[in-house]
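Residue numbers (my numbering), protein chains in the order written: chain A, 1 to 220; chain B, 1 to 213. Here the structure is laid out as structure tokens; the discussion comes afterwards.
Encoded structure:
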């Protein structure tokens, strides 16, 4: 279950604040995944005291609102990434970035599809640079794209370009995954599906034996 | 039954926080960093095992503009239903009470009444309207909250409220379940020459695939 409380002393109109919080949640907590199970209790409450002495923010497109939105996004993303990093049994955080989609929402959906893929997550735990599983999860996200435009990189190592698999250095790519796992660090997967303006990011973690162990013992 | 706030952070370490780059500065503290907020965390006897804090409270000195996002799971827990109802009626809130140990999900009418009872008790102690109290629960699904230990702990929990970093840390530990680390962060930035702070805490480790609206 995900729970959270956000507080700010910004002075903000209630309707604007509620919209800003939903936007930030969509860019952060709604973009993480550990095991694909949506809880009965997930809740984020965000409170604004207005005690900073700032001017009241009421228009979403004002420069002040955009600044507050960016900061709210950052705080929620910081917390969201920590949850994925702390996923049950995880040895590393997985960050999936998608570019070239038609919209932010489409890019975000593809990114989360890859981050959610049990086979991709298991491959990363096995230190297997398995571009096929990444491509597969991007493909079934429900967002149509030209498979000949697909580009996949693992860290700085390009695995696939123009829809074609490349002859990459497998041991270097595997070592990239191993080092991230050994240090409980971050594995970065970068995907491009075309030349659209939409970008999105999702975060997950690898799938280890410990996940089953923890949840076999945590009873309802 | 209770452990004091400054002991809470010793139960689990703090998470690394991966803040994106931007015109903000990370500062100490979490939910108490912004003006007007206090927090506390303590062990109230709700967890099945151990004495890690399991009750957290965040309060605001003034009516805070309130927003909430909630699971879209059709089988939503009692505190989720309660909070949605409160935020439909009220645009402001004064306090958020969170328990770990029992999720109070799939507990039916009795579970919902438990939330009402907790909200009413806290509102009396804080002398605010029940419609300004929000409740969150996490833990084992299918179990009602251990209401008596929770209600008995409220006076102590309120006495521990603090604007300090320790108060925020204690609260962030108290909301954890299988988490190996607590998650808390605060940032500061300027808007139109005025310093604004945003802080936050979160928990989660398993059953994580949020779809909140």
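Here a beta-carbon is modelled for each residue, glycine too, at the ideal position from N, C-alpha and C. Values in this document were obtained by computation on a predicted structure and should not be read as measured data.
inquiry  = Below 8 Å on C-beta distance, what does residue 131 (chain A) contact in chain B?
reply    = Within 8 Å Cβ-Cβ: nothing; residue 131 (chain A) doesn't reach chain B, min ~24 Å.
ask   = Would you say residue 136 (chain A) reaches chain B, if we count a Cβ-Cβ gap shorter than 9 Å as a contact?
value = no
ask   = So is residue 116 (chain B) buried or exposed if we call it buried at 16+ other beta carbons inside 10 Å?
value = exposed
inquiry  = Looking at the secondary structure, which residues open and close the alpha helix (DSSP H) in which residue 26 (chain A) lies?
reply    = 14-26
query = Listing by chain order, which chain B residues have their CB less than 9 Å from the CB of residue 117 (chain A)?
reply = Within 9 Å Cβ-Cβ: nothing; residue 117 (chain A) doesn't reach chain B, min ~12 Å.
ask   = For residue 1 (chain B) and chain A, any beta-carbon pair shorter than 9 Å?
value = Residue placement at residue 1 (chain B) is flagged as unreliable, the pLDDT there being 37, under the threshold of 50; the coordinate-derived value follows with that caveat. No, no contact with chain A.
Chain-order list of residues whose beta-carbon lies under 7 Å from that of residue 190 (chain A) (same chain, five-residue window excluded) = Cβ neighbours of residue 190 (chain A) beyond the five flanking positions: 97 and 153.
Short-range partners of chain B found in the segment 71-89 of chain A, where Cβ spacing is below 9 Å = 71, 72, 73, 74, 75, 76, 77, 78, 79, 80, 81, 82, 83, 84, 85, 86, 87, 88 and 89
query = In terms of DSSP beta bridges, what is residue 154 (chain A) paired with?
reply = A:157 and A:189
query = Quick one: is residue 200 (chain A) buried, meaning 16 or more other Cβ sit within 10 Å of its Cβ, or exposed?
reply = Under the 10 Å beta carbon count, residue 200 (chain A) is surrounded by 16 or more other beta carbons and is classified as buried.
key: Minimum C-alpha distance to residue 10 (chain A) - residue among B:47, B:63 and B:153   = B:63
request  = May I ask you to report which of helix, strand or coil DSSP gives residue 24 (chain B)?
outcome  = coil
key: Sequence-distant residues of its chain with Cβ nearer than 8 Å to residue 59 (chain A) (five each side left out)   = 16 and 65
request  = Have a look at A:192, A:116, A:75 and A:123 and flag the residue whose alpha-carbon is nearest the alpha-carbon of residue 176 (chain A).
outcome  = A:123
request  = Using three-state DSSP, classify residue 125 (chain B) as helix, strand or coil.
outcome  = helix
inquiry  = Let's test the definition: count the other Cβ atoms within 10 Å of the Cβ of residue 3 (chain B) and tell me whether it reaches 16, buried, or not, exposed.
reply    = Only weak support exists for where residue 3 (chain B) lies, its pLDDT of 44 falling under 50; the coordinates are left without a value.
inquiry  = Residues in the same chain with beta-carbon distance under 7 Å from residue 2 (chain A), minus the five sequence neighbours each way, listed in chain order, please.
reply    = 29, 39, 42 and 83
query = Cα-Cα, which of B:121, B:33, B:167 and B:114 is closest to residue 146 (chain B)?
reply = B:114
ask   = To which residues of the same chain is residue 73 (chain A) closer than 6 Å at the C-beta, ignoring the five residues directly before and after it?
value = 24 and 27
key: Local conformation of residue 120 (chain A) per DSSP, three classes   = Helix.
inquiry  = My assumption, with CB atoms under 8 Å, is that residue 68 (chain A) sits in contact with residue 80 (chain B). Please give the rounded CB distance.
reply    = No, residue 68 (chain A) and residue 80 (chain B) are not in contact; Cβ-Cβ is about 26 Å, not under 8 Å.
task = Let me know if residue 1 (chain B) comes out buried or exposed under the rule of 16 or more other beta-carbons within 10 Å of its beta-carbon.
result = For residue 1 (chain B), the predicted structure reports a pLDDT of 37, less than 50, and the residue's modelled location is therefore unreliable. A value from the coordinates is still provided. When all chains shown are included, residue 1 (chain B) counts as exposed.
ask   = Name the chain A residues that come within less than 9 Å of residue 197 (chain B), Cβ to Cβ?
value = 7, 8, 9, 10 and 52
ask   = Taking DSSP as the reference, what is the three-state secondary structure of residue 144 (chain B)?
value = coil
query = Under a CB-based cut-off of 9 Å, is residue 162 (chain B) close to chain A?
reply = no
request  = Tell me, please, which residues DSSP counts as bridged to residue 70 (chain B).
outcome  = According to DSSP, residue 70 (chain B) bridges with A:43.
ask   = Rounded to a whole number of angstroms, what is the C-alpha to C-alpha distance between residue 202 (chain A) and residue 95 (chain A)?
value = 6 Å
ask   = Taking the alpha-carbon positions, what's the residue 86 (chain B) to residue 197 (chain B) distance?
value = 26 Å
Alpha carbon of residue 132 (chain B) to alpha carbon of residue 14 (chain A), nearest angstrom = 14 Å
query = To the nearest whole angstrom, what separates the beta carbons of residue 44 (chain B) and residue 160 (chain B), a pair I think is in contact under 8 Å?
reply = Actually they do not touch by this definition, with Cβ atoms about 11 Å apart.
query = Thinking C-alpha only, which one of B:52, B:23 and B:93 is nearest residue 175 (chain B)?
reply = B:52
message = In the DSSP output, which residue or residues are listed as bridge partners for residue 203 (chain A)?
response = A:32 and A:95
query = Taking 9 Å as the CB-CB cut-off, is residue 68 (chain A) touching chain B?
reply = yes
task = Return yes when the Cβ of residue 15 (chain B) is within less than 9 Å of the Cβ of residue 86 (chain A), no when it is not.
result = A contact, by the Cβ cut-off of 9 Å.
ask   = Buried or exposed: which applies to residue 155 (chain B), given that a residue is buried once 16 or more other Cβ atoms fall within 10 Å of its Cβ?
value = exposed
Where the alpha helix (DSSP H) through residue 133 (chain A) begins and ends = 131-139
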